[in-house]
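Asker:
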Amino acid sequence: MANTQRAIAPMLRLPAAPDEKPYLVGYRCPECNATYIGGNRVGCSKCTFVGDLPEVRLSDHGTLYVYSIVHQSAPGIPVPYVSAIVDLPEGVSVRCNLVDIEPDPQKIEFGMPVDMVTRKVRERKEKNAHGDEETIDIIAFFFRPRKDEGS
Ligand SMILES: [Zn+2]
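Below, the structure is given as structure tokens:
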């Protein structure tokens, strides 16, 4: 039986249906359509709307806004890796790591198209409601350079 999957952050949704892709969610102001990432907002900071902002599904692709190559990190985290901010078409920016790319400034272009991917980053043992131990796969999202069509 497959392990239970759990998203590493509430903004990442893992649909139960196997043919549905994971996606990120944001929150959109019903008055001015400004879109935000991250919950717990009590209103819109671009207009005067106060109240719950309805959830919206965000695109699974964007463009690379800025990045840095990280050479030192917490113990156990392989370095170097590429930390980035990706702009999504909805006008929000998401902080993430780039994968499937060499951590080499000559190979990374600002504005390059990137696609979201999800990967298991670790697993955790938990007791379920029946008291049985089960393994939970922790799933995180990353972005990677867009592959050319057909490759
Ligand atoms: Zn607004």
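At position 46 of the sequence shown (counting the first as 1) the number is 365 in my numbering, and the numbers step up by one without a gap.
The beta-carbon is built from N, C-alpha and C at its ideal position, and this holds for glycine as well.
Keep in mind the model is a prediction, meaning the values are calculated, not measured.
1. Taking the C-alpha atoms as reference points, what is the distance between residue 433 and residue 395?
2. Are there 16 or more other CB atoms within 10 angstroms of the CB of residue 366, so buried, or fewer, so exposed?
3. Thinking residue 356 and residue 411 are a contact (beta carbons under 8 Å), I'd like their distance in whole angstroms, please.
4. Taking 8 Å as the threshold (C-beta atoms), are residue 413 and residue 436 in contact?
5. One question on the structure: do residue 463 and residue 420 come within less than 8 Å of each other, judged by their Cβ atoms?
6. Please report the residue range of the beta strand (DSSP E) in which residue 417 lies.
7. To the nearest angstrom, how far is it from the Cα of residue 335 to the Cα of residue 384?
8. Taking Cβ to Cβ, would you say residue 407 is nearer than 8 Å to residue 377?
9. Helix, strand or coil for residue 439 per DSSP?
10. Is it buried or exposed for residue 403, if we count other Cβ within 10 angstroms and need 16 for buried?
11. Just verifying my parser: in three-state terms, what is the DSSP assignment at residue 324?
12. Could you say which of 380, 446, 453 lies nearest to residue 465 if we only look at CA atoms?
13. Any chance the CB of residue 409 is under 7 Å from a heavy atom of ligand 1?
14. Counting C-beta neighbours from all protein chains within 10 Å, is the total for residue 430 16 or more, i.e. buried, or is it exposed?
15. Span of the beta strand (DSSP E) holding residue 464?
16. Should residue 358 be labelled buried (16 or more other beta-carbon atoms within 10 Å of its own) or exposed?
Answerer: In terms of the structure at hand:
1. In the sequence shown, the residue the question calls residue 433 occupies position 114. In the sequence shown, the residue the question calls residue 395 occupies position 76. Rounded to whole angstroms, the gap between the alpha carbons of residue 433 and residue 395 is 27 Å.
2. Here residue 366 corresponds to residue number 47 of the sequence shown, with the count starting at 1. Exposed, because fewer than 16 other Cβ atoms sit within 10 Å of the Cβ of residue 366.
3. Looking up residue 356 in the sequence shown gives position 37. Looking up residue 411 in the sequence shown gives position 92. With a Cβ gap of about 5 Å, residue 356 and residue 411 count as contacting.
4. By one-based count along the sequence shown, residue 436 stands at place 117. By one-based count along the sequence shown, residue 413 stands at place 94. The criterion of a C-beta distance shorter than 8 Å is not satisfied by residue 436 and residue 413.
5. Counting from 1 along the sequence shown, the entry for residue 463 is found at position 144. Counting from 1 along the sequence shown, the entry for residue 420 is found at position 101. Yes, these two residues count as a Cβ contact at 8 Å.
6. Along the sequence shown, one-based indexing puts residue 417 at 98. DSSP places residue 417 in the uninterrupted beta strand (DSSP E) bounded by 412-417.
7. As a position in the sequence shown, residue 335 is number 16, starting the count at 1. As a position in the sequence shown, residue 384 is number 65, starting the count at 1. About 31 Å.
8. The sequence position of residue 407 within the sequence shown is 88, counting from 1. The sequence position of residue 377 within the sequence shown is 58, counting from 1. Taking a C-beta distance under 8 Å as the contact criterion, residue 407 and residue 377 qualify as a contact pair.
9. Residue mapping note: residue 439 aligns to position 120 of the sequence shown, counting from 1. DSSP, reduced to helix, strand and coil, places residue 439 within a strand of the structure shown.
10. Reading the sequence shown from its first residue, position 84 is the one you call residue 403. With 16 or more Cβ atoms within 10 Å of its Cβ, residue 403 is classed as buried.
11. Along the sequence shown, one-based indexing puts residue 324 at 5. In the structure shown, residue 324 sits in a strand (DSSP, three-state: E or B).
12. In the sequence shown, the residue the question calls residue 465 occupies position 146. Comparing C-alpha distances from residue 465 to each of 380, 446, 453 shows the shortest one belongs to 380.
13. To locate residue 409, count along the sequence shown from 1; it is residue 90. Residue 409: no, Cβ never under 7 Å from ligand 1.
14. Residue numbering aside, residue 430 sits at position 111 when the sequence shown is read from its first letter. Residue 430 is exposed by the Cβ-count criterion.
15. On the sequence shown, position 145 is the one that residue 464 refers to. 452-464 is the extent of the beta strand (DSSP E) around residue 464.
16. Within the sequence shown, numbered from 1, the residue matching residue 358 stands at position 39. Answer is exposed; the Cβ neighbour count stays below 16.
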